[in-house]
Amino acid sequence: MLLEIKDLTLLYGRIQALHGISLVVNEGEVVALIGANGAGKTTTMRAISGLRPVASGSITFDGTDVTRMRADLRVVRGIGQAPEGRGVFPGMTVMENLEMGAYTRRDRSEINKDLDMVMDLFPRLKERRKQAGGTLSGGEQQMLAVGRALMARPKLLLLDEPSMGLAPMLIQQIFEIITRINEQGTTILLVEQNAQQALSRAHRGYVLETGRIVKEGTGQELLHDPAVKEAYLGVA
Amino acid sequence: MNFAEFFGNFPALTITGLEQGAIYALVALGYTLVYGVLRLINFAHSEVFMVGTFTALWTWEALGYNQNTAAPAFGAMLVAVLVGLGAAMAASALTAVTVEVVAYRPLRKRNAPPLAFLITAIGASFVIAEAFGVGTHRAPFGMPVMIPSETLFTVFGAAVTNIQLLVLGVTLVMMAALDQFVNRSRLGRGIRAVAQDADTAALMGVNKNRVIMLVFVLGGLMAGVAALLWSVRYGYTKFNVGFLIGLKAFSAAVLGGIGNLRGALLGGLLLGIAENYAAGLFGGDWKDFTGFVLLVVLLMFRPTGLLGESLGRARA
Numbered sequence: 001m002l003l004e005i006k007d008l009t010l011l012y013g014r015i016q017a018l019h020g021i022s023l024v025v026n027e028g029e030v031v032a033l034i035g036a037n038g039a040g041k042t043t044t045m046r047a048i049s050g051l052r053p054v055a056s057g058s059i060t061f062d063g064t065d066v067t068r069m070r071a072d073l074r075v076v077r078g079i080g081q082a083p084e085g086r087g088v089f090p091g092m093t094v095m096e097n098l099e100m101g102a103y104t105r106r107d108r109s110e111i112n113k114d115l116d117m118v119m120d121l122f123p124r125l126k127e128r129r130k131q132a133g134g135t136l137s138g139g140e141q142q143m144l145a146v147g148r149a150l151m152a153r154p155k156l157l158l159l160d161e162p163s164m165g166l167a168p169m170l171i172q173q174i175f176e177i178i179t180r181i182n183e184q185g186t187t188i189l190l191v192e193q194n195a196q197q198a199l200s201r202a203h204r205g206y207v208l209e210t211g212r213i214v215k216e217g218t219g220q221e222l223l224h225d226p227a228v229k230e231a232y233l234g235v236a
Numbered sequence: 001m002n003f004a005e006f007f008g009n010f011p012a013l014t015i016t017g018l019e020q021g022a023i024y025a026l027v028a029l030g031y032t033l034v035y036g037v038l039r040l041i042n043f044a045h046s047e048v049f050m051v052g053t054f055t056a057l058w059t060w061e062a063l064g065y066n067q068n069t070a071a072p073a074f075g076a077m078l079v080a081v082l083v084g085l086g087a088a089m090a091a092s093a094l095t096a097v098t099v100e101v102v103a104y105r106p107l108r109k110r111n112a113p114p115l116a117f118l119i120t121a122i123g124a125s126f127v128i129a130e131a132f133g134v135g136t137h138r139a140p141f142g143m144p145v146m147i148p149s150e151t152l153f154t155v156f157g158a159a160v161t162n163i164q165l166l167v168l169g170v171t172l173v174m175m176a177a178l179d180q181f182v183n184r185s186r187l188g189r190g191i192r193a194v195a196q197d198a199d200t201a202a203l204m205g206v207n208k209n210r211v212i213m214l215v216f217v218l219g220g221l222m223a224g225v226a227a228l229l230w231s232v233r234y235g236y237t238k239f240n241v242g243f244l245i246g247l248k249a250f251s252a253a254v255l256g257g258i259g260n261l262r263g264a265l266l267g268g269l270l271l272g273i274a275e276n277y278a279a280g281l282f283g284g285d286w287k288d289f290t291g292f293v294l295l296v297v298l299l300m301f302r303p304t305g306l307l308g309e310s311l312g313r314a315r316a
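Residue numbers (the UniProt record's numbering), protein chains in the order written: chain A, 1 to 236; chain B, 1 to 316.
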């Protein structure tokens, strides 16, 4: 397996945000992590990428224990993330933002190839490549965040709410791109409130409630699970 | 108010103002770089400059020059000035990095509140200044004359000296080099990334501590250049020479928009010119008074300074 999380707990001050989470992502999979607001989805992502220190438990990535590794070193190991709220550098152009994604790489000719690849994937970014990141629309910033994460050529791509705030047509589009990225060989861990889309595209999924994993299964199993349907899919 | 004298000396006051402002600007870059990345006013930066001036003095003394030696011939002068420049830049950068590693980094590790950083910055400034004060018996030191001042040409009746040209020229070259580095190079992009969003920068693989180290080094190098220019131009130093220059450079950084490199240059030059106009109008005693009144008044109308902040969040 590419990522293995065991009994992870995490504190925000005195408040316990994660109560012993365990999950696994295998190479080549799309895994969805669904749950309501405040369930701990983003916190889990930040623990994996190293932005929040964990209290106990372990995170193993690609055979290495990364539980206490600095965030920037995890990027070098192959964990890429498009953060929640997109995290586009507002004062940098689209091109500079994409270059930031390749910050740890020195293979100039390969970087240029990947720039072309990302521009092909998101033609809008090509049109706006000289524009400041802060002036893009929400959807464009989302594309930029995903494209920028790809520029690191991650083994594992963490996507935190990629559909947040997007128009329905764009949501469809971004999920299609996620599927395509996965088919090209990138493993994906996806956090989503849009459970319907996420589960129908994921190989497997986990349901997070108040800092605990309450259910797991294949995407299809969870899609048809009555409790999941009622809580997250808006159907009784 | 002495309008006749003011208008009579207007060109000369402008040139002197630009010259002094250039030194403020070089020092201001250090405040602005560190602030942009850490949101910290590094008060010890005035001492980074002071250490540079003493290093220039001691380097020249080691090379056999003192106040009584005649100015060296061109070749020897060039060597002495360049060696002094290298030494001052190295010493200033080393001082800046030492302050970061000894004083600020341990606080960051413990997530200390901003007030702790502020007190530490003021403390570090005093410790370095006082250490030099004790070590040098609080005496002023005259420096050897490396480049004798000579008038090259006149503009509207005002003499322009070789030293004034040197100070302005070097400042503009250093400024342009730094601007290119921050805006065009990979490491420069790393600095801007941390300034704009430190968490996301980490997700791009940027080592924050290395970027912080880099801005202290860059600020120190610029302060070292300023220290050498100061030594060539004013020819003296003292343990507390950094205090007023540091305060004015910091004001210049705020005036131009702290966090903005070009703002530091603009703020420095503007402050230098304003001070000298004030000296011409009201007399030399009013120089420092006017500089700070200008700062306060300008901030009332433009709280983020003339150019706002660009190393960090863009004003868009």
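Using N, Cα and C, we set each Cβ at its ideal position, and we do this for glycine too. Please read all numbers here as calculations on a predicted model, not as lab measurements.
Does chain B have any CB closer than 8 Å to the CB of residue i?
i      : result
A71/A  : yes
H19/A  : no
L115/A : no
M100/A : yes
V66/A  : no
V76/A  : yes
R14/A  : no
Counting only C-beta atoms, is residue i closer than 8 Å to chain A at any point?
i      : result
G257/B : no
Mind pulling the chain B residues with CB within less than 7 Å of residue i?
i      : result
T104/A : G205
Q81/A  : L203
E209/A : The premise fails here: E209/A is roughly 26 Å from chain B at the closest Cβ pair, so nothing lies under 7 Å.
E96/A  : R189
F49/A  : Rather than Phe, the amino acid found at residue 49/A in this sequence is Ser. What S49/A touches in chain B: L203.
CA-CA distance, residue i and residue j?
i      : j      : result
E150/B : L38/B  : 43 Å
E176/A : F122/A : 12 Å
L223/A : E192/A : 14 Å
G205/B : I181/A : 21 Å
D7/A   : I79/A  : 20 Å
M146/B : A176/B : 26 Å
L190/A : V48/B  : 48 Å
A226/B : T304/B : 25 Å
N209/B : G157/B : 52 Å
M50/B  : L152/B : 30 Å
A88/B  : T237/B : 13 Å
I188/A : L159/A : 7 Å
M69/A  : Q81/A  : 16 Å
A167/A : L214/B : 42 Å
E84/A  : A195/A : 16 Å
T60/A  : L2/A   : 8 Å
A71/A  : M45/A  : 12 Å
F181/B : G188/B : 6 Å
E140/A : T9/A   : 34 Å
D225/A : M169/A : 27 Å
G161/A : I15/B  : Residue identity differs from the one stated: residue 161/A is Glu in this sequence, not Gly. Cα to Cα, E161/A sits roughly 57 Å from I15/B.
L41/B  : I191/B : The residue asked about is misnamed: residue 41/B is Ile in this sequence, not Leu. The straight-line gap from Cα to Cα measures roughly 17 Å.
L233/A : A264/B : 55 Å
A90/B  : A17/A  : 47 Å
Using a Cβ cut-off of 8 Å, pull out every chain B residue sitting near residue i, in sequence order please.
i      : result
A152/A : M204, G205
G87/A  : D197, D199, T200, L203
Just checking my contact of residue i with residue j at CB under 8 Å: how many whole Å lie between their CB atoms?
i     : j      : result
V97/B : A249/B : V97/B to A249/B, Cβ: 19 Å. No contact.
H45/B : G30/B  : 5 Å
Q. So, do the region 277 to 297 of chain B and the region 2 to 10 of chain B have three or more beta carbon pairs nearer to each other than 8 Å?
A. Yes, they touch.
Q. What are the residues of the region 187 to 204 of chain B that lie near chain D, defined by any Cβ-Cβ distance shorter than 7 Å?
A. In the displayed structure, chain D is absent; the protein chains listed are A and B.
Q: Could you say if the region 14 to 32 of chain A and the region 205 to 220 of chain A meet the contact criterion of at least three C-beta pairs nearer than 8 Å?
A: yes
Q. Counting pairs of beta carbons, one from the region 237 to 245 of chain B and one from the region 62 to 76 of chain B, are three or more of them closer than 8 Å?
A. Taking one beta carbon from each stretch, the region 237 to 245 of chain B and the region 62 to 76 of chain B have fewer than 3 pairs nearer than 8 Å; the two do not touch.
Q) For the 8 Å Cβ check, are there 3 or more pairs between the region 86 to 102 of chain A and the region 135 to 152 of chain A? A) yes
Q. At a cut of 8 Å, does the region 115 to 131 of chain A reach the region 75 to 94 of chain A through at least three beta carbon pairs?
A. yes
Q.
Taking contact to mean 3 or more Cβ pairs, one atom from each stretch, closer than 8 Å, check whether the region 83 to 90 of chain A and the region 60 to 70 of chain A are in contact.
A. no
Q. Any chance the region 22 to 39 of chain B sits against the region 247 to 264 of chain B, with 3 or more Cβ pairs inside 8 Å?
A. As far as the Cβ criterion goes, the region 22 to 39 of chain B touches the region 247 to 264 of chain B, which means the pair count is three or higher.
Q. Okay, do the region 52 to 59 of chain B and the region 226 to 237 of chain B touch, 3+ Cβ pairs below 8 Å being the bar?
A. Touching, yes, given that three or more Cβ pairs across the two stretches are closer than 8 Å.
Q: Evaluate the contact criterion for the region 37 to 56 of chain A versus the region 105 to 121 of chain A: three or more CB pairs, one atom per stretch, below 8 Å.
A: no
Q) Is there contact between the region 28 to 48 of chain A and the region 197 to 212 of chain A, where contact requires at least three CB pairs shorter than 8 Å? A) yes
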